Every structure is written in C-alpha cells, then in structure tokens.
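Asker: Heads up: the sequence shown runs through residues 1 to 504, numbered per the working numbering. From the three backbone atoms N, C-alpha and C, an ideal C-beta is built for every residue, glycine too. All of these numbers come straight from a predicted model, not from anything done at the bench.
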Amino acid sequence: MPSFDSNSLPSAREFLKLSRNHSLVPVYRTVTADLETPVSAFLRIASDEPEAFLLESVEGGEHVGRYTFIGIQPYKKMTARGTRITVREGRREHTFDGDIFEELKRALSGHTPARLPGLPPFTAGAVGFFAYDVVRQIEKLPSLAKDELGVPDACLMFFDQVLAFDHVKKEIHLMVTADLTRESREGAYERAVRRLNKMEKRLAAALPVRKKKKPEGKLKITSRTPKAAFLKAVEKAKEYIASGDVFQCVISQRFDCVPGVDSFEIYRALRIVNPSPYMYFLRFGLEEKAAKKPSLAHIVGSSPELLVRVHGQEVEYRPIAGTRPRGADEAKDRAMEADLRADEKEVAEHIMLVDLGRNDVGRVSEFGSVKVKDLMFVERYSHVMHMVSSLEGTLRSELGALDAFRACFPAGTLSGAPKIRAMEIIEELEPARRGVYGGSVLYADFSGNLDSCIAIRTLFMNGEQGHFQAGGGIVADSVPEKEFEESVNKARAVVRAIERARGV
C-alpha cells in the first residue's frame with residue numbers, strides 16, 4: 001500500500017498567487033509507488049467509474065515508458081457524428097452543427113494553464129478518439145460503405161482529475177486542476193483539496209473484489225468480409241494501381257465476436273501479449289442521447305505507431321512500414337532485421353510513406369524545417385519487428401497542435417498514396433465503415449500539446465459485441481492470398497488477448 005505525503009501543493013497562499021495570472025492551476029500530492037502498479041491503481045480508483053481512461057507505454061517495444069496516466073470523472077464530453085456535435089457538461093447536454101476539430105480547439109484554448117515544476121507532461125485535458133470516418137470532415141469523399149457499427153466520428157472526454165505514474169522516480173502524482181473561470185479562487189482550492197482527499201482515500205483502499213464470469217461456449221470470431229470478397233478487393237486495388245490511380249492502397253477486414261469477459265481483463269491480457277508504445281483502455285459510458293442505440297462503449301488497444309506528436313512548436317511523425325517476425329534468439333533477430341532492410345519492395349514502400357509524411361507535416365510547418373531525423377531503423381516488439389522512420393518539423397506560429405493532427409489524419413500507412421484517391425478506393429472496396437480502426441486515440445492538453453497514435457491492434461467493445469480490424473498495404477506485385485494471411489496475422493494480437501482473458 002502506498003505511503004502518502006499529506007501536504008497538497010501548491011500551498012493555499014502559492015495557489016492564490018498563481019491564480020492571479022493563470023486560469024487553470026493544478027493542485028497535487030505525491031505518493032511513493034514502489035508497490036503499486038497501473039493496473040492495481042486503476043482498479044482502486046476507477047473500477048466503478050463508467051467513464052475513465054488508462055494510458056501506458058512500452059517504448060521501442062522493450063522499455064517501459066516513463067509515465068502512465070489514469071483519469072476519472074470527466075467534467076465534459078464532446079461527441080461528433082458528421083457535423084452534428086453533442087456536448088455534455090454535468091446533466092446538461094446540447095447538440096449543434098459544427099466542425100469537431102474547431103470545437104475541440106476552442107474548448108482547449110482560452111485558458112492560461114500554470115506549469116508547475118516536477119509534474120508530468122499531461123495534467124488535464126481531453127482524452128478520446130477520432131474514428132477513421134471523421135476524414136469526411138477533412139476531405140470530400142463518396143459515401144458508399146455501410147455504417148454498421150454506429151461509432152461516433154469522434155468522442156473526447158475532458159478530465160481535470162488525473163493520476164500519473166512516474167516510473168523513473170517510483171512516484172504517483174495525484175492531480176486535480178482547478179478552473180478559476182468557474183468558481184472563486186478560495187472555493188476552487190478548497191474543492192480541489194476535497195477531491196484530492198477522495199482520490200487518496202480510494203487509492204489507499206483494498207483492491208475491489210472482482211467476480212470473474214466464466215465465458216459460455218467457445219469463442220466464435222467471424223469476418224465481415226468473406227475470403228473470396230477480400231481477395232477480389234485486393235485484385236481490384238491492384239487494377240487501380242496498374243492504371244496509375246495510386247501507388248499503394250490499404251485494404252482491411254473487420255472481425256466480430258462476443259468475448260464473454262470483462263473488457264478490462266482483455267486489456268490486462270493485451271498489455272502482456274503485445275506491449276507497445278501506446279497502450280490504452282478507455283471507457284466512454286453511455287453514448288449521447290442522439291445515438292440510435294445507446295450502449296456502453298470501451299476501447300482496448302496496444303498500438304506500435306505514433307500518428308503525430310506536438311510539444312510546443314515541435315511536430316513529430318513516425319511512419320511504420322515493413323515487418324518481420326522476431327527470431328528465436330539474437331542471431332536470428334539480426335538475420336530477420338538484415339532481411340527486412342534488404343527487401344527492395346519493403347524499402348520502396350517505406351520511402352514512399354516517408355515522402356507522404358514529409359508532405360503532411362510540411363503543410364503545417366515552417367518552410368525548410370521538416371527533417372528526416374532517423375531513416376529506416378528497426379524497432380523490436382514482442383512478436384515482430386518494424387521498420388520505422390522519424391520526421392520532425394517546426395509548427396507555423398499561427399497554427400496549433402490540432403492543425404498538425406488534422407493535416408496528418410488519417411495516417412498514410414492506413415490509407416495509401418496518394419492519400420485522397422486511396423481513401424476513395426477504400427470506400428468503394430471495403431463493405432462497411434471502419435469506425436475506430438485506422439483512426440486515432442489521443443490526448444491533448446490546455447498548453448497546446450498533443451500525443452496521438454494510430455488505432456490498430458485495437459478492440460472496440462459496444463456492449464457485449466467486440467469488433468477489431470486489420471489489413472495491409474496493397475502494391476503492384478501484391479499476392480492476394482498473402483495479403484489475406486497478413487491481415488489475419490495482424491489481428492492475432494487481439495485474438496490472443498481475448499483468449500488469454502477467457503482462460504483459454
């Protein structure tokens with residue numbers, strides 16, 4: 001059980017000083033966390049919360065990232081379906097027409113947050129997802145694929161209660177951010193301290209007893225796309241490539257199942273079988289009243305791929321293209337890595353996607369600032385290795401993090417090149433809208449910082465129903481049968497996690 005420093009920081013006097021020039025001020029306590037884990041902390045403070053998040057990281061597939069974030073009790077929720085945006089604050093909910101990117105930008109701007117030394121990079125802000133299909137708010141695309149899942153185009157929850165693990169210092173920061181635009185300075189501080197007391201009490205409590213329901217019957221997973229239809233779609237994509245429409249197009253298939261186990265148990269399994277730089281568990285509670293079928297929605301994911309990261313004015317983009325399985329030992333790993341680097345097809349695809357990324361980042365960066373920091377290095381993960389490049393640019397002064405996110409969305413590695421024509425072909429060849437797959441899970445704060453990943457290796461739970469998706473980049477010499485096998489192989493991480501959670 002963690003030991004507590006009972007003092008809240010800043011002090012009441014320091015808080016009043018900070019509140020003169022800042023509209024958002026974090027109040028926090030620090031906890032020794034050498035016996036605590038992110039999973040146990042989440043179970044203690046969020047097991048009964050309908051809306052919450054857990055964000056973890058294993059960098060390079062092998063080293064635990066410095067910070068883990070947990071958030072509970074969002075004070076606001078923003079959901080978009082096309083141009084219809086629903087905002088819920090407390091018991092109030094209103095719906096209007098707008099641009100979700102601009103509305104999110106507006107919600108995160110207009111504040112002057114205080115930055116306190118020693119605190120992690122994220123203390124409060126928005127956490128959620130943009131579905132692949134929000135691209136219709138960016139580009140004019142045909143509407144051919146069926147909307148079978150009813151996934152919102154975007155859903156962001158705004159948190160001012162955040163718990164952050166610092167894995168280097170073995171500490172937990174309990175943080176409540178006071179909003180001085182909503183209440184008096186004295187009242188805001190007192191309320192923040194009361195909320196910290198509640199978080200502290202919950203974190204010190206015994207772990208809740210979790211009754212595991214034994215799943216009934218065997219796990220049945222079905223593909224939305226029959227194999228023959230998938231092979232036909234790949235052949236058609238190759239025809240478009242041969243005619244010069246595109247160089248590459250990503251074709252995917254969706255898998256549906258009823259896992260029969262708690263979604264957090266699936267997350268616990270996924271973080272073990274597929275540790276990645278971006279691991280996330282998000283609970284969205286009941287959907288907005290405007291939804292056709294309100295239900296509890298959860299997202300469980302473990303993605304290796306950054307979409308875009310913005311810190312201050314620095315933009316980072318890291319395309320991943322090219323994969324090999326891990327070897328049985330170091331020598332075989334090195335042989336696989338050499339084989340990947342020597343594969344002309346993989347290298348050509350990778351360079352094409354690096355060029356696409358340079359173009360996307362260049363749209364929002366200062367002239368001449370976009371640089372390839374690292375080209376075609378290989379990162380090793382638990383079961384595979386990927387070829388990765390890293391691009392950097394300096395954001396233009398008149399633009400913000402969400403402008404960079406919008407410029408890079410969706411990732412070229414999940415659409416193709418040229419991007420717009422590839423997305424038109426995807427709309428024609430895939431029978432149903434993608435939903436979360438190929439979109440992004442992200443957090444964005446009030447200081448203009450943003451970190452986002454591509455939503456792959458991700459399970460979307462809608463009530464009891466589970467949905468996940470996988471695909472691959474089709475090029476001129478792609479073999480349809482091999483592309484089908486690759487999409488099935490990429491889905492195996494989620495399948496293994498579900499089976500592990502079921503006790504198979």
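Can you list, in chain order, the residues of its chain whose CB lies under 7 Å from that of L16, leaving out five sequence neighbours each side?
Answerer: Within the sequence shown, residue 16 is the residue found at index 16, counting from 1. The residues are R185.
Asker: Where do the ends of the alpha helix (DSSP H) carrying N359 lie?
Answerer: Sequence index remark: in the sequence shown, residue 359 carries index 359 (1-based). Element bounds for N359: 344-362.
Asker: For A178 and M279, I'd like the C-alpha separation in whole angstroms.
Answerer: Along the sequence shown, read from residue 1 onward, the residue named residue 178 stands at position 178. Along the sequence shown, read from residue 1 onward, the residue named residue 279 stands at position 279. Taking the straight line joining both Cα atoms gives about 28 Å.
Asker: With the cut-off set at 9 Å, would you say V488 and L459 are in Cβ contact?
Answerer: Indexing the sequence shown from 1 puts residue 488 at position 488. Indexing the sequence shown from 1 puts residue 459 at position 459. No; because the gap between Cβ atoms is not below 9 Å, this pair is not in contact.
Asker: Can you determine whether any heavy atom of the ligand ADP sits closer than 8 Å to the C-beta of H94, and answer yes or no?
Answerer: No copy of the ligand ADP occurs in the structure displayed, which carries no ligand at all.
Asker: For P304 versus L356, is the C-beta spacing smaller than 9 Å?
Answerer: For this step, residue 304 is matched to residue 304 along the sequence shown. For this step, residue 356 is matched to residue 356 along the sequence shown. Using a Cβ distance threshold of 9 Å, P304 and L356 do not count as a contacting pair.
Asker: Might you give, ordered along the chain, the residues of its own chain that have their beta carbon closer than 6 Å to the beta carbon of V176, omitting 5 neighbours on each side?
Answerer: In the sequence shown, counting from the first residue as 1, residue 176 sits at position 176. So the qualifying residues of the chain are V27, Q161, A192, R195, L196.
Asker: In the DSSP assignment, the alpha helix (DSSP H) including S23 goes from what residue to what residue?
Answerer: In the sequence shown, residue 23 corresponds to position 23, counting from 1. Careful: S23 lies outside any alpha helix (DSSP H) and carries neither H nor E.
Asker: From which residue to which residue does the alpha helix (DSSP H) around L9 run?
Answerer: Counting from one through the sequence shown, the residue named residue 9 turns up at place 9. For L9, there is no enclosing alpha helix (DSSP H), as DSSP marks it with neither H nor E.
Asker: Between the Cα of K140 and those of A501, L395, A455, E424, spot the shortest distance and give me the residue it belongs to.
Answerer: Here residue 140 refers to the residue found at position 140 when the sequence shown is read from its first residue. It is E424.
Asker: Name, in chain order, the residues that DSSP records as bridge partners for G125.
Answerer: Counting from 1 along the sequence shown, the entry for residue 125 is found at position 125. Beta-bridge pairing links G125 to F159, D445.
Asker: First and last residue of the alpha helix (DSSP H) that includes Y189?
Answerer: Translated into the one-based positions of the sequence shown, residue 189 becomes position 189. Run containing Y189: 185-204, per the alpha helix (DSSP H) assignment.
Asker: Taking contact to mean at least 3 C-beta pairs separated by less than 8 Å, is the region 214-221 in contact with the region 252-272?
Answerer: yes
Asker: With DSSP run on the structure shown, which of helix, strand or coil describes G416?
Answerer: In the sequence shown, counting from the first residue as 1, residue 416 sits at position 416. Three-state result, G416: strand.
Asker: Please confirm whether R492 and A269 have their CB atoms less than 9 Å apart.
Answerer: Stepping through the sequence shown from its first residue, residue 492 is reached at position 492. Stepping through the sequence shown from its first residue, residue 269 is reached at position 269. No; because the gap between Cβ atoms is not below 9 Å, this pair is not in contact.
Asker: What are the residues that DSSP puts in a beta bridge with T112?
Answerer: Taking the sequence shown and counting its residues from 1, the one referred to as residue 112 is at position 112. For T112, which the question treats as bridged, DSSP gives no partner whatsoever.
Asker: The alpha helix (DSSP H) that contains K482, what's its start and end?
Answerer: Indexing the sequence shown from 1 puts residue 482 at position 482. Start and end: 480-490.
Asker: DSSP state of I299, grouped into three classes?
Answerer: By 1-based counting over the sequence shown, the position of residue 299 is 299. I299 falls in the strand class under three-state DSSP.
Asker: Looking only at its own chain, which residues have a Cβ that is under 8 Å from the Cβ of L207, when we skip the five neighbours before and after it?
Answerer: Position 207 of the sequence shown, counted from the first residue, corresponds to residue 207. Only S40, L43, R44 meet the Cβ criterion.
Asker: To the nearest angstrom, how far is it from the Cα of G128 to the Cα of V308?
Answerer: Here residue 128 is taken as the residue at index 128 of the sequence shown, counted from 1. Here residue 308 is taken as the residue at index 308 of the sequence shown, counted from 1. So the alpha carbons of these two residues sit roughly 15 Å apart.
Asker: Please report the distance separating the alpha-carbon of R106 from that of P480.
Answerer: Position 106 of the sequence shown, counting from 1, holds the residue named residue 106. Position 480 of the sequence shown, counting from 1, holds the residue named residue 480. So the two alpha carbons sit approximately 45 Å from each other.
Asker: For G98, I'd like the list of residues in its chain whose CB is within less than 7 Å of its CB, leaving aside the five on either flank, ordered along the chain.
Answerer: By one-based count along the sequence shown, residue 98 stands at place 98. Correct list, in chain order: T83, I85.
Asker: Could you check the C-alpha separation between R341 and H94 for me, to the nearest Å?
Answerer: As a working mapping, residue 341 is identified with position 341 in the sequence shown. As a working mapping, residue 94 is identified with position 94 in the sequence shown. C-alpha separation (whole angstroms): 53 Å.
Asker: Put A411 into one of helix, strand or coil per three-state DSSP.
Answerer: As a working mapping, residue 411 is identified with position 411 in the sequence shown. It is coil, neither helix nor strand.
Asker: So, under 8 Å CB-CB, T30 and E183 are touching, yes? Tell me the CB distance rounded to an integer number of Å.
Answerer: Here residue 30 refers to the residue found at position 30 of the sequence shown. Here residue 183 refers to the residue found at position 183 of the sequence shown. That belief does not hold up - the Cβ atoms of T30 and E183 are roughly 25 Å apart, past 8 Å.
Asker: Which residue's Cα is closest to the Cα of P121: A164, R92, D133?
Answerer: Stepping through the sequence shown from its first residue, residue 121 is reached at position 121. It is A164.
Asker: What is the rounded straight-line gap between the Cα of P431 and the Cα of F230?
Answerer: For the purposes of this step, residue 431 is taken as residue 431 along the sequence shown, with counting starting at 1. For the purposes of this step, residue 230 is taken as residue 230 along the sequence shown, with counting starting at 1. If you take the alpha carbons of P431 and F230, they lie about 10 Å apart.
Asker: To the nearest angstrom, report how far apart M1 and A52 are at their CA atoms.
Answerer: The residue you call residue 1 lines up with position 1 of the sequence shown. The residue you call residue 52 lines up with position 52 of the sequence shown. Low confidence applies to M1: its pLDDT is 42, below 50, so where it sits in the model is not reliable, and the reading given next is rough at best. Their Cα atoms are separated by approximately 22 Å.
Asker: Output the distance between the C-alpha atoms of P142 and C249, rounded to the nearest integer angstrom.
Answerer: The sequence position of residue 142 within the sequence shown is 142, counting from 1. The sequence position of residue 249 within the sequence shown is 249, counting from 1. Each residue's Cα considered, the two are about 16 Å apart.
Asker: How would you label V151, buried or exposed, when you count the other beta carbons within 10 angstroms and need 16 or more for buried?
Answerer: The sequence position of residue 151 within the sequence shown is 151, counting from 1. Flag for V151 reads buried.
Asker: Rounded to a whole number of angstroms, what is the C-alpha to C-alpha distance between G439 and A12?
Answerer: Within the sequence shown, numbered from 1, the residue matching residue 439 stands at position 439. Within the sequence shown, numbered from 1, the residue matching residue 12 stands at position 12. Each residue's Cα considered, the two are about 42 Å apart.
Asker: Can you name, in chain order, every residue of its own chain whose Cβ lies under 8 Å from the Cβ of T413, other than the five neighbours on each side?
Answerer: For this step, residue 413 is matched to residue 413 along the sequence shown. Answer for T413: V250, E305, P319, I320, A321, L353, I454, G473, listed in chain order.
Asker: Whole angstroms is fine: what's the gap from K371's alpha carbon to I351's?
Answerer: For this step, residue 371 is matched to residue 371 along the sequence shown. For this step, residue 351 is matched to residue 351 along the sequence shown. Approximately 14 Å, taken between the alpha carbons.
Asker: With DSSP as the reference, please indicate the residues paired to V378 in a beta bridge.
Answerer: For the purposes of this step, residue 378 is taken as residue 378 along the sequence shown, with counting starting at 1. For V378, which the question treats as bridged, DSSP gives the partners M387.
Asker: DSSP three-state call for A145: helix, strand or coil?
Answerer: For the purposes of this step, residue 145 is taken as the residue at position 145 of the sequence shown. In the structure shown, A145 sits in coil (DSSP, three-state: anything other than H, G, I, E or B).
Asker: Nearest by alpha-carbon distance to A46: which of R433, F284, A188 is it?
Answerer: Working through the sequence shown from its first residue, we reach residue 46 at position 46. Cα-wise, what sits closest to A46 is F284.
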